[in-house]
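Enquirer: So that we are looking at the same thing, I have put the structure below in C-alpha cells.
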Amino acid sequence: MSLFDWFANRRKSVPNSQERPEREIADGLWNKCESCGALSYTKDLRANQMVCLECGHHIRVYSDDRIEQLIDANTWMPINEGLHATDPLKFRDRKKYSDRLREFQEKTGHLDAVETGIGQLETLPVALGVMEFQFIGGSMGSVVGEKLTRLIEHGTREHLPVIIVCASGGARMQEGMLSLMQMAKISGALERHREARQLYIAILTHPTTGGVTASFAMLGDITIAEPKATVAFTGGRVIEQTLREKLPENYQTSEYSFAHGFVDLIVPRTQLKKTLAQLISLHQPQLSLGRSQSEELEPPDTHVFPAQTHAFELSP
Ligand SMILES: [Zn+2]
Numbered sequence: 000m001s002l003f004d005w006f007a008n009r010r011k012s013v014p015n016s017q018e019r020p021e022r023e024i025a026d027g028l029w030n031k032c033e034s035c036g037a038l039s040y041t042k043d044l045r046a047n048q049m050v051c052l053e054c055g056h057h058i059r060v061y062s063d064d065r066i067e068q069l070i071d072a073n074t075w076m077p078i079n080e081g082l083h084a085t086d087p088l089k090f091r092d093r094k095k096y097s098d099r100l101r102e103f104q105e106k107t108g109h110l111d112a113v114e115t116g117i118g119q120l121e122t123l124p125v126a127l128g129v130m131e132f133q134f135i136g137g138s139m140g141s142v143v144g145e146k147l148t149r150l151i152e153h154g155t156r157e158h159l160p161v162i163i164v165c166a167s168g169g170a171r172m173q174e175g176m177l178s179l180m181q182m183a184k185i186s187g188a189l190e191r192h193r194e195a196r197q198l199y200i201a202i203l204t205h206p207t208t209g210g211v212t213a214s215f216a217m218l219g220d221i222t223i224a225e226p227k228a229t230v231a232f233t234g235g236r237v238i239e240q241t242l243r244e245k246l247p248e249n250y251q252t253s254e255y256s257f258a259h260g261f262v263d264l265i266v267p268r269t270q271l272k273k274t275l276a277q278l279i280s281l282h283q284p285q286l287s288l289g290r291s292q293s294e295e296l297e298p299p300d301t302h303v304f305p306a307q308t309h310a311f312e313l314s315p
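Letter by letter, the sequence shown follows residues 0 to 315 of numbering that gives the first Met the number 0.
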C-alpha cells in the first residue's frame, strides 16, 4: 500500500458531516438562496452582483464576473494570460496532476487559478488580480505566484495601486515546495511596491485560507472583506482536534477578523467598486483630479521575465 492510499483510506473513515456546505455558482434560470431559501431570477441576482435580494447572502461568482463588476467596460487588459503549470514534480494523487490541470482548464476556460491585468476602476487606473476558486479551489501554485508577482511588479513600475481579490483553499499541494515558495515571492514584490509608496488593497472573499491568508491576503495597506466570508489559516476542525477545545461560534469569519483587527472594512459586494474608488482617490488625489481627461493606460509590459523555476512556461 502506498503512503497516498493509506492517507486516502484513513480519510474515508473520518466522518465529514461537520463540513460546511460548499457554495455553488448559480448558472440556471432560477437560483435558490442557500442561506434564506428565497427563489430569485438569476438575471435579477446578476443585476445585484449575485447578492441575495432577500437576505444579502453573497453567492460565489466567477473571476470574469468579478472583473466585470470592478473594472470599467472595455478597459481590461490581461497580463501574462498564457502562463501555465508544467508539473515538474510529475505529481500524482488519485489522478495525474497534468490530467487534473487539463480537466480544470477545460472546465473553467482559464489556464490557472488567477486572472491578472490592468484596467480602470471608475476611470482610475489599477492593477487587479482576481483568484478563481473554481480552478482547483483557487489553490496557489507556481503560476498563481508568478502572475501575481508580475502584476505587483508592473504596478510598482507604473505607479499603479494593486488590488487582489482573494479566494483560495491555500497552497497547491500538487506542486509541493514550489507552492510554498510563492508566499515569499509575492510578499517580497509587495514590499517593493510599498517602498515605492504605492497602495495595495487585499479583498478577502469566501473562502480565503491557508497559504494565501498567510501571505498576501494579510499584507494589504487596507484589508477589505466581503460579509460572512470564511477567513482562516487552518480549518476549524483541525484546530479543534489539536487544541481539544470548542471554537467560538463565528470564528474564522470576516466579522470575527474585523472584531479582532485583522480586517479594516467589511464591504458588501454591491458597494465594493465605489469604496475602492474612494480609497484610491484619497491615496492618490492627483489621479482623481486628472480623471476627467480619462487618460489612456499604457499597454502591459509584454517582456518575458527569466523564469526562476521551471514550474511554469508561457504558451506559444
Ligand atoms: Zn438569501
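No residue lacks a Cβ here, since even glycine has one placed at the ideal position from N, Cα and C.
(1) Using 7 Å as the cut-off, classify the Cβ of His57 as near or not near the heavy atoms of ligand 2, replying yes or no.
(2) Tell me whether Ser34, by its Cβ, gets closer than 7 Å to a heavy atom of ligand 1.
(3) Using only CA atoms, which one of Ile66, Ser138, Gly187 lies nearest to Tyr96?
(4) Mind checking His158: buried by the 16 CB within 10 Å criterion, or exposed?
(5) Please identify the residue among Thr204, Asp220, Ile202 whose C-alpha is closest to the C-alpha of His282.
(6) Pull up the distance between the alpha-carbon of Gln240 and that of Glu121, whole angstroms please.
(7) Buried or exposed for Asn249, going by 16 or more other Cβ atoms inside 10 Å?
(8) To the nearest angstrom, how far is the alpha carbon of Thr269 from that of Gln48?
(9) Should Met217 go down as buried or exposed, given a rule of 16 or more other Cβ atoms within 10 Å for buried?
(10) Quick check on DSSP: helix, strand or coil for Arg91?
(11) Do Glu174 and Gly209 come within 8 Å of each other at the CB atom, strictly closer than that value?
(12) Relative to the C-alpha of Phe215, which residue among Ile265, Pro206, Arg196, Gln181 is closest?
(13) If you run the structure through DSSP and keep just helix, strand and coil, what is His259?
(14) Quick one: give me the first and last residue of the alpha helix (DSSP H) that Ala37 is part of.
(15) For Val165, write down the residues that DSSP places opposite it in a beta bridge.
(16) Measure the Cβ-Cβ separation of Ala37 and Cys51 and say whether it is below 8 Å.
(17) Report the CB separation of Val113 from Lys146 in whole angstroms; it is logged as a contact under 8 Å.
(18) What does the alpha-carbon distance come out to for the pair Ser186 and Glu254?
(19) Taking the alpha helix (DSSP H) that Phe232 falls in, what are its first and last residues?
(20) Please confirm whether any heavy atom of ligand 1 lies closer than 7 Å to the CB of Cys165.
(21) Tell me which same chain residues have a C-beta within less than 7 Å of the C-beta of Leu150, skipping the five on either side of it?
(22) Taking the CB atoms as reference points, tell me whether Lys184 and Gly144 lie closer together than 8 Å.
(23) Answer yes or no: the CB of Glu152 versus the heavy atoms of ligand 1, is any distance below 7 Å?
(24) Report the three-state DSSP secondary structure of Ala216 (helix, strand or coil).
(25) Are His83 and Glu312 closer than 8 Å when you measure CB to CB?
Expert: So, from the data block:
(1) With respect to ligand 2, the structure offers nothing, as its ligand set consists of ligand 1.
(2) For the purposes of this step, residue 34 is taken as the residue at position 35 of the sequence shown. Because some heavy atom of ligand 1 lies under 7 Å away, the Cβ of Ser34 counts as near it: yes.
(3) Translated into the one-based positions of the sequence shown, residue 96 becomes position 97. The shortest Cα separation from Tyr96 among Ile66, Ser138, Gly187 belongs to Ser138.
(4) Here the question's residue 158 lines up with position 159 in the sequence shown. With fewer than 16 Cβ atoms within 10 Å of its Cβ, His158 is classed as exposed.
(5) As a working mapping, residue 282 is identified with position 283 in the sequence shown. The residue with the shortest Cα to Cα distance from His282 is Asp220.
(6) Along the sequence shown, read from residue 1 onward, the residue named residue 240 stands at position 241. Along the sequence shown, read from residue 1 onward, the residue named residue 121 stands at position 122. Rounded to whole angstroms, Gln240 to Glu121 spans 47 Å at the Cα level.
(7) By 1-based counting over the sequence shown, the position of residue 249 is 250. Exposed: under 16 other Cβ atoms inside 10 Å.
(8) Translated into the one-based positions of the sequence shown, residue 269 becomes position 270. Translated into the one-based positions of the sequence shown, residue 48 becomes position 49. So the two alpha carbons sit approximately 6 Å from each other.
(9) For this step, residue 217 is matched to residue 218 along the sequence shown. For Met217, the number of other beta carbons within 10 angstroms of its own is at least 16, and it is reported as buried.
(10) Walking along the sequence shown from the start, residue 91 turns up at place 92. Three-state result, Arg91: strand.
(11) Counting from one through the sequence shown, the residue named residue 209 turns up at place 210. Counting from one through the sequence shown, the residue named residue 174 turns up at place 175. 8 Å or more divides the Cβ of Gly209 from the Cβ of Glu174.
(12) Within the sequence shown, the letter at position 216 stands for residue 215. When each option's Cα is compared against that of Phe215, the closest is Gln181.
(13) Position 260 of the sequence shown, counting from 1, holds the residue named residue 259. DSSP places His259 in coil when its eight states are reduced to three.
(14) Counting from 1 along the sequence shown, the entry for residue 37 is found at position 38. Boundaries for Ala37: no alpha helix (DSSP H) harbours it, and the DSSP string shows neither H nor E there.
(15) Taking the sequence shown and counting its residues from 1, one reaches residue 165 at position 166. Reading the sequence as shown, one finds Cys at residue 165 and not Val. Answer is Leu203, bridged to Cys165.
(16) Position 38 of the sequence shown holds residue 37. Position 52 of the sequence shown holds residue 51. Going by C-beta atoms, Ala37 is nearer than 8 Å to Cys51.
(17) What you label residue 113 is simply residue 114 of the sequence shown in a count that begins at 1. What you label residue 146 is simply residue 147 of the sequence shown in a count that begins at 1. Beta-carbon to beta-carbon, Val113 and Lys146 are separated by about 5 Å, close enough to satisfy the 8 Å threshold.
(18) Along the sequence shown, read from residue 1 onward, the residue named residue 186 stands at position 187. Along the sequence shown, read from residue 1 onward, the residue named residue 254 stands at position 255. Going from the Cα of Ser186 to the Cα of Glu254 covers about 25 Å.
(19) Here residue 232 refers to the residue found at position 233 of the sequence shown. That residue, Phe232, is in no alpha helix (DSSP H); it is neither H nor E in DSSP.
(20) Taking the sequence shown and counting its residues from 1, one reaches residue 165 at position 166. Relative to ligand 1, Cys165 has its C-beta separated by 7 Å or more from all heavy atoms.
(21) Taking the first residue of the sequence shown as 1, we reach residue 150 at position 151. Close CB contacts of Leu150 within its chain, under the 7 Å cut and outside five residues either way in sequence, are with Ile78, Thr115, Ala126, Gly128, Val161 (chain order).
(22) For the purposes of this step, residue 184 is taken as residue 185 along the sequence shown, with counting starting at 1. For the purposes of this step, residue 144 is taken as residue 145 along the sequence shown, with counting starting at 1. Cβ distance < 8 Å, so Lys184 and Gly144 count as in contact.
(23) Sequence index remark: in the sequence shown, residue 152 carries index 153 (1-based). Result no, Cβ not under 7 Å from ligand 1.
(24) Along the sequence shown, one-based indexing puts residue 216 at 217. Note: Ala216 maps to helix in three-state DSSP.
(25) Along the sequence shown, read from residue 1 onward, the residue named residue 83 stands at position 84. Along the sequence shown, read from residue 1 onward, the residue named residue 312 stands at position 313. The criterion of a C-beta distance shorter than 8 Å is satisfied by His83 and Glu312.
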